[in-house]
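Below you'll find the structure, written out as structure tokens, and then a few comments.
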Amino acid sequence: MKRKVLLGYCLILISWAYCASSEENLKTEKSITLGVVEFPPLVIKEPDSSRCHGVAIDATVAILTKMNYHVLVECMPPARLFERVKTGKVDVTINVRGTSALDQNATFIDAPFVYLSIVLLHNGQLADDKSISAIRGYDYLGIRQALQQEGFEFFDMPTSSDAIHLFDVGRTSYLISYKQPYQFYTESLGSRLVEVSISDKLTVPSYFAVSNHSRYKDELVDSLNLVTTHISDSTILESYRSANK
0 MKRKVLLGYC LILISWAYCA SSEENLKTEK SITLGVVEFP PLVIKEPDSS
50 RCHGVAIDAT VAILTKMNYH VLVECMPPAR LFERVKTGKV DVTINVRGTS
100 ALDQNATFID APFVYLSIVL LHNGQLADDK SISAIRGYDY LGIRQALQQE
150 GFEFFDMPTS SDAIHLFDVG RTSYLISYKQ PYQFYTESLG SRLVEVSISD
200 KLTVPSYFAV SNHSRYKDEL VDSLNLVTTH ISDSTILESY RSANK
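Note that the sequence shown covers residues 0 to 244 in numbering that gives the first Met the number 0.
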């Protein structure tokens with residue numbers, strides 16, 4: 000009988016110690032939200048789902064996990080992302096500096112995440128009516144405003160794939176896009192267009208951006224700057240790829 004009582008007492012102690020350890024882990028591991036937009040091949044939206052995957056997510060989650068954060072990933076259209084950053088519901092995202100909807104509501108990390116190229120495409124088989132497809136909420140670092148002043152009429156779509164598709168089916172004469180998603184689209188699905196001219200407009204770095212309204216804003220900015228300041232490659236993404244070959 001005494002042995003049973005002693006065994007039960009030991010089990011209670013073990014259970015208490017396990018719960019205390021789990022509670023301590025929860026206290027030290029902070030939950031944050033990483034907000035991303037569809038940006039293939041770096042961020043690819045899964046069909047019939049709101050989930051995304053891709054190397055940009057993998058690299059970011061790996062860095063934040065090493066910093067002892069539990070990371071929840073949310074994939075959404077740009078306009079919704081900017082609103083969630085503004086309210087602090089998204090703690091971290093990746094974007095270029097100069098995005099008017101984001102700049103006043105986020106603090107950018109010093110090290111570049113990856114370089115992105117903006118291109119202007121024209122369907123030579125259509126009349127030059129200056130109709131152009133683009134992503135809603137993107138000003139393309141002032142290029143949108145410059146094109147509007149030239150008389151372009153914008154047809155805004157929720158995602159990069161939607162904007163590219165609108166151009167590819169001949170609904171607009173022009174497309175303003177980042178080069179990587181356009182190349183991924185045409186390489187994956189092919190293109191209906193046979194006469195497309197591409198003009199390089201701008202190549203810019205993107206960065207981690209921490210919401211100014213995140214409860215962990217200061218420590219995230221300081222920690223991300225600290226862990227990325229000594230990367231040997233030109234960008235954070237290149238460093239991640241080199242380490243995971």
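No residue lacks a Cβ here, since even glycine has one placed at the ideal position from N, Cα and C. Quick caveat: nothing in here was measured; it's all calculated off a predicted structure.
If you measure from the CB of residue 184, is any heavy atom of the ligand ADP nearer than 6 Å? You won't find the ligand ADP in this model; it holds no ligand whatsoever.
Proximity winner among 230, 177, 48 and 168, relative to residue 203 (alpha-carbon distances): Position 204 of the sequence shown holds residue 203. Checked all of 230, 177, 48 and 168; the closest Cα to residue 203 is 177.
Counting only the same chain and skipping the five closest in sequence on each side, list residues whose C-beta sits under 7 Å from that of residue 171. In the sequence shown, the residue the question calls residue 171 occupies position 172. If we look at residue 171 and ignore the five residues flanking it on each side, its Cβ neighbours are 130, 131, 132, 154 and 165.
#### Entry: Coarse secondary structure for residue 85, derived from DSSP in three states
Here residue 85 corresponds to residue number 86 of the sequence shown, with the count starting at 1. Residue 85: helix per DSSP, three-state reduction.
Pairs of beta-carbons, one from the segment 107-116 and one from the segment 203-222, closer than 8 Å: are there three or more? yes
Check: Can you tell me whether DSSP reads residue 120 as helix, strand or coil?
Finding: Reading the sequence shown from its first residue, position 121 is the one you call residue 120. In this structure, residue 120 counts as strand in the three-state DSSP scheme.
Going by the DSSP bridge assignment, what does residue 199 pair with across the sheet?
Within the sequence shown, the letter at position 200 stands for residue 199. Residue 199 is bridged to 118.
- request: Compute the distance between the beta-carbons of residue 86 and residue 220, then report whether it is under 7 Å.
  value: Along the sequence shown, read from residue 1 onward, the residue named residue 86 stands at position 87. Along the sequence shown, read from residue 1 onward, the residue named residue 220 stands at position 221. Cβ atoms of residue 86 and residue 220: not closer than 7 Å.
Q.
Buried or exposed, going by whether 16 or more other CB atoms sit within 10 Å of the CB of residue 243?
A. By one-based count along the sequence shown, residue 243 stands at place 244. Residue 243 should be labelled exposed.
| Per-residue burial, residue 95 [other beta carbons within 10 Å of its own, 16 or more giving buried] | If you number the sequence shown from 1, residue 95 lands on position 96. Residue 95 comes out buried.
- Query: In chain order, what residues of the same chain have a beta carbon less than 6 Å from the beta carbon of residue 39, not counting five sequence neighbours either side?
  - Reply: The residue you call residue 39 lines up with position 40 of the sequence shown. These residues qualify, in order along the chain: 180 and 183.
Apart from the five residues just before and just after residue 25, which ones in its own chain have a Cβ nearer than 8 Å to its Cβ? Against the sequence shown, residue 25 aligns to sequence position 26. Confidence in residue 25 is poor, its pLDDT being 44 and thus under 50, which makes the residue's placement unreliable; the coordinate value appears in the next sentence. The answer is none, since no qualifying residue turns up.
query = In whole angstroms, what is the alpha-carbon distance linking residue 117 and residue 187?
reply = Walking along the sequence shown from the start, residue 117 turns up at place 118. Walking along the sequence shown from the start, residue 187 turns up at place 188. Near 20 Å, if we compare the C-alpha coordinates of residue 187 and residue 117.
By the DSSP assignment, the beta strand (DSSP E) with residue 31 in it spans what residues?
Counted from its first residue, the sequence shown places residue 31 at position 32. From DSSP, the beta strand (DSSP E) with residue 31 extends over 29-35.
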